[in-house]
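In the numbering used here, the protein residues as written are 1361 to 1826. Accompanying notes for the structure given below.
Written as structure tokens, this is what we have:
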């Protein structure tokens, strides 16, 4: 029997990590992601729960750090196999892992300086730069639908998940003594009407489906309604004489926001606004998107290229890219009409916190959240209505208007998840991962009612056989 064990994103959203064990494929890790929010530091620094040296291969669904961020630590602890992903994911990982490592080493240096001042021992690094380089060397990029040999007698295929550039539904097929097996891991599934991205591929056959459930308890507004809401938020902030801060994930969400803002600019609705992309990583990722336009939605790419060379940067000519720290700090001298897109998406670090320091206490300003905020993150505290927040050892009152544009989520809502699962015939055994408990229970109830499937919701370290 094949065995699947859940080491992360089990009754939680982040830290995707699932171990498949079967003679035909060996020991294959599906994702190796960082935990975000709550006890993330302890979880990311703790034991994996398995021996990294015994892992034969990693199958990576996409480049977001909650799916890929612990790969350098996995290598440091003995993993030496291939990392299978799409070609676009391999290119994005160069940006993502190097940026994450830079932040990690800076934080470690500061922590060890504090330790030295207090007479405490230095904390050793969980990995080194050479481990990051080795992980990138181990990445093997593949095309969608390409048959990839996996282990002694397995086959892997990636299918477009429509979530971010290069995101994939992972299909693993292999033989067991009593017959064939097919595991389908959804990774993160995109919305059916997301700009830039194609529709998630619909697969029809599986013995076991491992499906995400991030938004299993809610629906998203349409792109059209969301764009109308964005217009109104911008108009209201302009009337108040304020500026807008958008905490955004460097991969996916930022590029979608740039597309929407480009559409507003082309319609003459951004006059007066100064738009800043204040994230070196997001700038680099946007250029990767421009390199892989052929994987994106054909109609949206056509829109990008109507007046100039197809490019997200060219589509919004008023966009200012602030790569240096000095350029980022200069934004703070603008009192009104600044539209600032900065990381991190959940406000756990990055330049967005510095913009909060200068603006979140001013009622004329607005914070727009465009993505999921995990429990325990600063972004979640603000979305949940915190009147004060703590950053940089200080307390700040939250007086800025807080808006949430759920329609810009890169994840499928409840109906999208049910429809995707409903394409399988016959109904497969279904396991829900990558979601908080309430969302998973709500999704499980709807799947039971509409599809007649009793889903399973494993906890961390639980195993199933199939």
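Backbone N, C-alpha and C fix where the C-beta goes; we use that ideal spot for every residue, glycine too.
- Only residues of its own chain outside the window of five on either side were considered, and among them 1522, 1552 have a CB closer than 7 Å to the CB of residue 1559, listed in chain order.
- The beta carbons of residue 1781 and residue 1807 sit closer together than 8 Å.
- Residue state for residue 1659 is assigned as helix, using DSSP reduced to three classes.
- With a threshold of 16 other beta carbon atoms within 10 Å, residue 1364 meets it and is buried.
- The C-beta of residue 1651 has fewer than 16 other C-beta atoms within 10 Å across all chains shown, which makes the residue exposed.
- Residue 1511 sits close to residue 1388, with the two beta carbons spaced by under 8 Å.
- If the five residues before and after residue 1749 are omitted, its C-beta is found closer than 8 Å to the C-beta atoms of 1716, 1720, 1738, 1741, 1742, 1755, 1756, 1758, all from its own chain and listed in chain order.
- Put simply, the backbone Cα of residue 1627 is about 17 Å away from that of residue 1699.
- Straight through space, the alpha carbons of residue 1611 and residue 1649 are spaced by roughly 9 Å.
- DSSP places residue 1393 in the coil class of the three-state scheme, outside both helix and strand.
- At the C-beta level, residue 1765 and residue 1787 stay beyond 8 Å of one another.
- DSSP places residue 1761 in the strand class (E or B) of the three-state scheme.
- Setting aside the 5 residues that flank it on each side, residue 1403 is surrounded in the same chain by 1375, 1395, each with a C-beta closer than 7 Å to its C-beta; the list follows chain order.
- About 6 Å separates the CB atoms of residue 1444 and residue 1502; that is less than 8 Å, so the two are in contact.
- Assigned with DSSP and collapsed to three states, residue 1538 falls in coil, not helix or strand.
- For the set 1821, 1814, 1718, the Cα lying nearest the Cα of residue 1604 is the one of 1718.
- For residue 1428, the enclosing alpha helix (DSSP H) begins and ends at 1425-1428.
- By the beta-carbon neighbour count (other beta carbons within 10 angstroms, threshold 16), residue 1366 is buried.
- Rounded to the nearest angstrom, the gap between the Cα atoms of residue 1471 and residue 1499 is 31 Å.
- Around the beta-carbon of residue 1514, 16 or more other beta-carbon atoms lie within 10 Å, marking it buried.
- Cβ neighbours of residue 1760 within its own chain (closer than 7 Å, five residues either side excluded): 1719, 1720, 1722, 1723, 1725, 1726, 1727.
- Inclusion of residue 1681 and residue 1637 in the CB contact set at 8 Å is warranted, their separation being smaller than that value.
- Residue environment for residue 1393: buried (at least 16 other C-beta atoms within 10 angstroms of its C-beta).
- Non-local C-beta neighbours of residue 1791 in its own chain, meaning closer than 6 Å and more than five positions away in sequence, comprise 1570, 1816, ordered along the chain.
- Rounded to whole angstroms, the separation of the alpha carbons of residue 1677 and residue 1466 is 34 Å.
- Cβ-Cβ distances below 8 Å link residue 1701 to 1606, 1608, 1614, 1617, 1618, 1635, 1636, 1637, 1638, 1639, 1642 in the same chain, with the five nearest sequence neighbours on each side left out; the list follows chain order.
- Residue 1735 is a Cβ neighbour of residue 1397, given a cutoff of 8 Å.
- Residue 1495 and residue 1420 do not touch by the CB rule: their CB atoms are close to 10 Å apart, not below 8 Å.
- Of the residues assessed, residue 1564 falls on the exposed side of the cut-off, its CB having fewer than 16 other CB atoms within 10 angstroms.
- Bounds of the beta strand (DSSP E) holding residue 1381 are 1377-1382.
- Bridge pairing for residue 1751: 1754 [DSSP].
- Nearest C-alpha to residue 1391 among 1412, 1406, 1661: 1412.
- The three-state reading of DSSP puts residue 1410 in coil, since its state is none of H, G, I, E or B.
- Residue 1464 carries a helical assignment under DSSP once its states are collapsed to helix, strand and coil.
- Straight-line measurement puts the Cα of residue 1538 at about 46 Å from the Cα of residue 1459.
- Excluding five sequence positions before and after residue 1442, the CB atoms of its chain that fall closer than 7 Å to its own CB belong to 1417, 1498, 1500, given in chain order.
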